[in-house]
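Participant:
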Amino acid sequence: MSDNCLFCKIARGEIPAKKVYEDDEFIAFHDINPAAPLHLLVVPKHHITSLLDVQPEDEQWLGRMMTLAPKLAQENGCTPGYEGGFRTVVNTGKEGGQEIAHLHLHILGGPRPWNKRAAPAA
Ligand code: 5GP
Ligand code: ZN
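Numbering-wise (our numbering), the sequence shown opens with residue 52 and increments by one.
1) Is HIS81 near ligand 1, with its Cβ less than 7 Å from a heavy atom?
2) If we ignore side chains and look at the alpha-carbon of each, how far apart do ALA152 and PRO164 end up?
3) Just the Cα atoms here: how many angstroms apart are GLY64 and ALA79?
4) Taking only the alpha-carbon atoms, compute the straight-line gap between ALA31 and GLN149 and give it to the nearest angstrom.
5) Taking the alpha-carbon positions, what's the GLY144 to LEU103 distance?
6) Is the separation between the beta-carbon of ARG138 and that of GLY160 shorter than 8 Å?
7) Could you tell me if the beta carbon of HIS157 falls within a distance shorter than 7 Å of some heavy atom in ligand 1?
8) Would the beta-carbon of CYS59 be found less than 7 Å away from any heavy atom of ligand 2?
9) Just grab the DSSP bridge partners of GLY160 for me.
10) Would you identify the three-state DSSP class for LEU107, choosing helix, strand or coil?
11) Under 8 Å between the Cβ atoms of PHE58 and HIS155?
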């Protein structure tokens, strides 16, 4: 855990968030500035800055993060089935549009219009 990291503080319960899921490895909550009708963030509880830092031994929890996405999207109201669906985004590094330096998965969904091409934080 990193003392001054916003998402570590949310994971520790020191800063409130609209939590939708928590287990030993992950916390998921609503983005404070949603870019779509449904905008969740899935955050590993341990501090890792970005995808640039992942190693082969991280494959298991990274895989779990991806398998959590459809479960959380569907549980939180994204339109079911292929006619619905959702978008997943992992911004990596400054040029990748990452603002919070703790790796996280964006889940964006809900009825259009919302801008598929826009960066989630824009
Ligand atoms: P990034 O640009 O790093 O991929 O995404 C960071 C996201 O975190 C942004 O979409 C932003 O709206 C969201 N965010 C920033 N601060 C907070 C906060 O204090 N609480 C919550 N729930 N989301 C936040
Ligand atoms: Zn952190």
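All C-beta atoms in this analysis are idealised placements derived from N, C-alpha and C, irrespective of residue type, glycine included.
Facilitator: Judging by the given coordinates:
1) Yes, Cβ of HIS81 sits closer than 7 Å to a heavy atom of ligand 1.
2) Cα-Cα distance, rounded: 29 Å.
3) Cα to Cα, the separation comes out at about 12 Å.
4) In the structure as shown, the chain begins at 52 and stops at 173. Residue 31 is therefore absent and cannot be evaluated.
5) Rounded to whole angstroms, GLY144 to LEU103 spans 8 Å at the Cα level.
6) Taking 8 Å as the Cβ cut-off, ARG138 and GLY160 qualify as a contacting pair.
7) Relative to ligand 1, the nearest heavy atom lies less than 7 Å away from the CB of HIS157.
8) Flag set: Cβ of CYS59 near ligand 2.
9) Answer is LEU89, PHE137.
10) The amino acid at residue 107 is misidentified as Leu; the sequence shows Pro. Helix.
11) Taking 8 Å as the cut-off, the beta carbon of PHE58 is found closer than this to the beta carbon of HIS155.
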